[in-house]
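There are 2 protein chains.
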Amino acid sequence: MSGPESEFDLIQRYFAEPAAAGSAMSCVRLGIGDDAALLGVESGHELVVSVDTLVEGTHFFPDHPSASLGHKALAANLSDLAAMGADPLGVVLSLTLPQVDHAWLAGFSEGFLTLAEAAGVALVGGDTNRGPRSISVTVLGQVPAGQALRRSGARPGDRLVVSGTLGGAAAGLAMEGERRDRGGPIPDSADPGLTRLFWPEARLGLGRMLRNRARAAIDVSDGLLADLGHLCAASGCGARVDWPVIPRDPLLGRLPDTQARQLALAGGEDYELLFALPPGESLDLLAFSVDSALTVIGEFVEGNAVEVVDENGMRLDAEHVGHDHFAGLK
Amino acid sequence: MSGPESEFDLIQRYFAEPAAAGSAMSCVRLGIGDDAALLGVESGHELVVSVDTLVEGTHFFPDHPSASLGHKALAANLSDLAAMGADPLGVVLSLTLPQVDHAWLAGFSEGFLTLAEAAGVALVGGDTNRGPRSISVTVLGQVPAGQALRRSGARPGDRLVVSGTLGGAAAGLAMEGERRDRGGPIPDSADPGLTRLFWPEARLGLGRMLRNRARAAIDVSDGLLADLGHLCAASGCGARVDWPVIPRDPLLGRLPDTQARQLALAGGEDYELLFALPPGESLDLLAFSVDSALTVIGEFVEGNAVEVVDENGMRLDAEHVGHDHFAGLK
Chain A
1 MSGPESEFDL
11 IQRYFAEPAA
21 AGSAMSCVRL
31 GIGDDAALLG
41 VESGHELVVS
51 VDTLVEGTHF
61 FPDHPSASLG
71 HKALAANLSD
81 LAAMGADPLG
91 VVLSLTLPQV
101 DHAWLAGFSE
111 GFLTLAEAAG
121 VALVGGDTNR
131 GPRSISVTVL
141 GQVPAGQALR
151 RSGARPGDRL
161 VVSGTLGGAA
171 AGLAMEGERR
181 DRGGPIPDSA
191 DPGLTRLFWP
201 EARLGLGRML
211 RNRARAAIDV
221 SDGLLADLGH
231 LCAASGCGAR
241 VDWPVIPRDP
251 LLGRLPDTQA
261 RQLALAGGED
271 YELLFALPPG
281 ESLDLLAFSV
291 DSALTVIGEF
301 VEGNAVEVVD
311 ENGMRLDAEH
321 VGHDHFAGLK
Chain B
331 MSGPESEFDL
341 IQRYFAEPAA
351 AGSAMSCVRL
361 GIGDDAALLG
371 VESGHELVVS
381 VDTLVEGTHF
391 FPDHPSASLG
401 HKALAANLSD
411 LAAMGADPLG
421 VVLSLTLPQV
431 DHAWLAGFSE
441 GFLTLAEAAG
451 VALVGGDTNR
461 GPRSISVTVL
471 GQVPAGQALR
481 RSGARPGDRL
491 VVSGTLGGAA
501 AGLAMEGERR
511 DRGGPIPDSA
521 DPGLTRLFWP
531 EARLGLGRML
541 RNRARAAIDV
551 SDGLLADLGH
561 LCAASGCGAR
571 VDWPVIPRDP
581 LLGRLPDTQA
591 RQLALAGGED
601 YELLFALPPG
611 ESLDLLAFSV
621 DSALTVIGEF
631 VEGNAVEVVD
641 ENGMRLDAEH
651 VGHDHFAGLK
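Just so you know, the protein sequences line up as chains A and B, in that order.
Here the first sequence is numbered in our numbering, starting from 1 and rising by one per residue.
Here the second sequence is numbered in our numbering, starting from 331 and rising by one per residue.
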């Protein structure tokens, strides 16, 4: 701390430079520093908007490394754009902090801005407030009119496909929790086993490829079964999930079988895409053009139930749980 | 409280209905309930975006009536659109609450949605989280390309004009504080003297009229002198403020002269518009077409200083202070 610092100074000091750089991006007409930012949306496109807030004590531990938090706060929002098949345009950040902690801010802004640069999205607006720590990010994107991937649209007979692997973020969180219970040291965000927990990726490239190919899509933020439930409810159909083929994160191998299955089916924050691929679309062609693995893990069916079956087609008694911040802290 | 309630239920229960109504608004293509919302931006327009967060203990007292809070959180953001000369398109809300309090939520959503309806803006996205109470609102608007009112652009010789009256919100807050110190009852948001504190208005109509007329504009959220300072810094000029003609809220008459002057010059949250009107533009014509009074309170000048002068042209020793959440809680 170096004495009182104004809200304006904080935004300028930690976040303004890349906004100026961002102005070179054709869509940013006016960045941080005025009453509002100005962005261009290409003609024939729709604007896509989503908000996500991370609260200390609910979504992250007080000692969560700040660079990882900056990254995660943005990645979670970019994932919503990916799930809509949208291209990012800009992002606004509202940061509430108990005090001015320069080391924390330097880490946070580095994590946030490094991902912003990689994703080609400019930070166009910011707001800093004093209070219990929380991070609210609103991301803006665009998608050709009529081509957004909604949750509705899946039909019985469509293949159920997921990208990457599942359970890695939840397994990392479980191990983190055990380390904490043992009174372990500050978490090491550079641990390669914890990449999914600390440095999640948004599947923007895949989302873009799914336009006009997938019939419906959602990102796996609350857990496979919870998000599949949302997809089915919006589409008015059910789904069958084939447990044996679900792509599991290697980290799950370090946990007991029952816990591993629970985390693969219901663990949150993997930010993979889950989508409905109609019979005519080739999965191979799609997989060839994106950098994440794609796995058919089941099928959409008539009705409204989500079932998980084993290698013999027998129904598993899996709990349908997801994140719910009001049903109890995780 | 009626048992655990899911995040999804809260948004649906308190905020979803008007989103459906909002879908009738031509710009809303997809409202609450998917990974993101979809909005149409008219061709030839730029997208305007601004975020503002209110934190309990920093921006409002725990017993602030929730309907007023819902109103204020939206009004503060709409005011940023007004200051850009923009028309509202949609708004996203991220609400963090310590617990599910139905009475609080019913009041908050009523205040928020009533203003949203009056302003013709749809709530298109929402996010509810558990944690210390705070309200983060991101508002989206559009403005014909190139016509946004920026803070830069004022020139020496331009008249300095303000809408409405100043100091009313700050005077209300001061009286509220005294009432609290005396251990008074829960504040009465229906008190007509406290309208500026509890039910501020965004000057959207005036902002729209200022396009192509004003050279620069800002909304008075941090206090007249602080916001004028921002306008001057962005425009690269100074300003002279004529103290005797500043339009004062009637509530200031109940306070000692020194305090009244301080609140008129530096009190925040009045949400009036402050703008630079070039010599060729008629103030009378403009005043005729909007419903708020317009007063010339000074002039932009060469240099970079903001001066306040009395009826004899003598410089007043006014403190240049504004809201600064990191320089100390108000």
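Backbone N, C-alpha and C define an ideal beta-carbon position, used for all residues, glycine too.
Treat the numbers as computed from the prediction; the structure is a model and nothing was measured.
With fewer than 16 other CB atoms across the displayed protein chains lying within 10 angstroms of its CB, E632 of chain B is exposed. Runs of the beta strand (DSSP E) spanning 3 or more residues and lying entirely within the stretch 158–198 of chain A occur at 159–163, in chain order. Under the three-state reduction of DSSP output, V245 of chain A falls in the helix class. Residue contact check for E376 of chain B against chain A: a CB pair falls below 8 Å. Assignment of beta-bridge partners to T96 of chain A by DSSP yields A:N129 and A:S134.
Minimum Cα-Cα distance from G146 of chain A among the listed residues A:L224, A:V55, A:P65 and A:V48 corresponds to A:V48. For H45 of chain A, the uninterrupted beta strand (DSSP E) run begins and ends at H45 to V55, by DSSP.
According to the DSSP assignment, R359 of chain B belongs to the beta strand (DSSP E) that extends over V358 to L360. The beta carbons of S424 of chain B and T53 of chain A sit closer together than 8 Å. Taking a beta-carbon distance threshold of 8 Å, V161 of chain A does not count as an interface residue toward chain B. Straight through space, the alpha carbons of F391 of chain B and A544 of chain B are spaced by roughly 37 Å. The alpha-carbon separation between G483 of chain B and D34 of chain A amounts to approximately 12 Å.
Bounds of the beta strand (DSSP E) holding E629 of chain B are L624 to V631. Within the same chain, and ignoring the five residues on either side of A234 of chain A in sequence, the residues whose Cβ sits closer than 6 Å to its Cβ are R151 and S152. Going by beta carbons, L443 of chain B and A405 of chain B fall outside the 8 Å limit. Of the other Cβ atoms in all chains shown, fewer than 16 fall within 10 Å of the Cβ of L316 of chain A; this residue is therefore exposed. Contact with chain B is absent for S66 of chain A, since none of that chain's Cβ atoms lies less than 8 Å from the residue's Cβ. Taking C-alpha positions only, C567 of chain B is separated from A499 of chain B by approximately 28 Å. Around the beta carbon of E56 of chain A, 16 or more other beta carbons lie within 10 angstroms, which makes this residue buried. Taking C-alpha positions only, L225 of chain A is separated from P278 of chain A by approximately 20 Å. Taking 8 Å as the threshold, the shortest C-beta distance from D63 of chain A to chain B does not fall below it. Secondary structure note for L646 of chain B: it is in no alpha helix (DSSP H), with a DSSP letter that is neither H nor E. For E307 of chain A, the enclosing beta strand (DSSP E) covers residues V306 to V309. Within the DSSP secondary-structure output, P474 of chain B pairs in a beta bridge with B:H375. Flagged as an interface residue toward chain A: A367 of chain B, by a C-beta distance shorter than 8 Å. When secondary structure is reduced to three states using DSSP, D417 of chain B falls in the strand class. For N312 of chain A, the closest C-alpha among the options A:F275, A:P244 and A:E42 is that of A:P244.
Chain-ordered, the chain B residues with CB closer than 7 Å to the CB of D34 of chain A read R480 and R481. According to DSSP, F390 of chain B shares a beta bridge with B:E386. Under the three-state reduction of DSSP output, A276 of chain A falls in the strand class. Listed in chain order, the non-local C-beta contacts of G456 of chain B below 6 Å within the same chain comprise I341, F345, I362 and L423, local neighbours out to five positions each way being set aside.
Contact check for G172 of chain A against R196 of chain A passes: the beta carbons are separated by less than 8 Å. Within 8 Å of the CB of S43 of chain A, the CB atoms of chain B belong to S373, in sequence order along the chain. Straight-line spacing of the CA atoms in A594 of chain B and V626 of chain B works out to 15 Å. By the Cβ test, the stretch 176–184 of chain A is not in contact with the stretch 248–266 of chain A, since fewer than three Cβ pairs between them sit closer than 8 Å. Under DSSP, A216 of chain A shares a beta bridge with A:A276.
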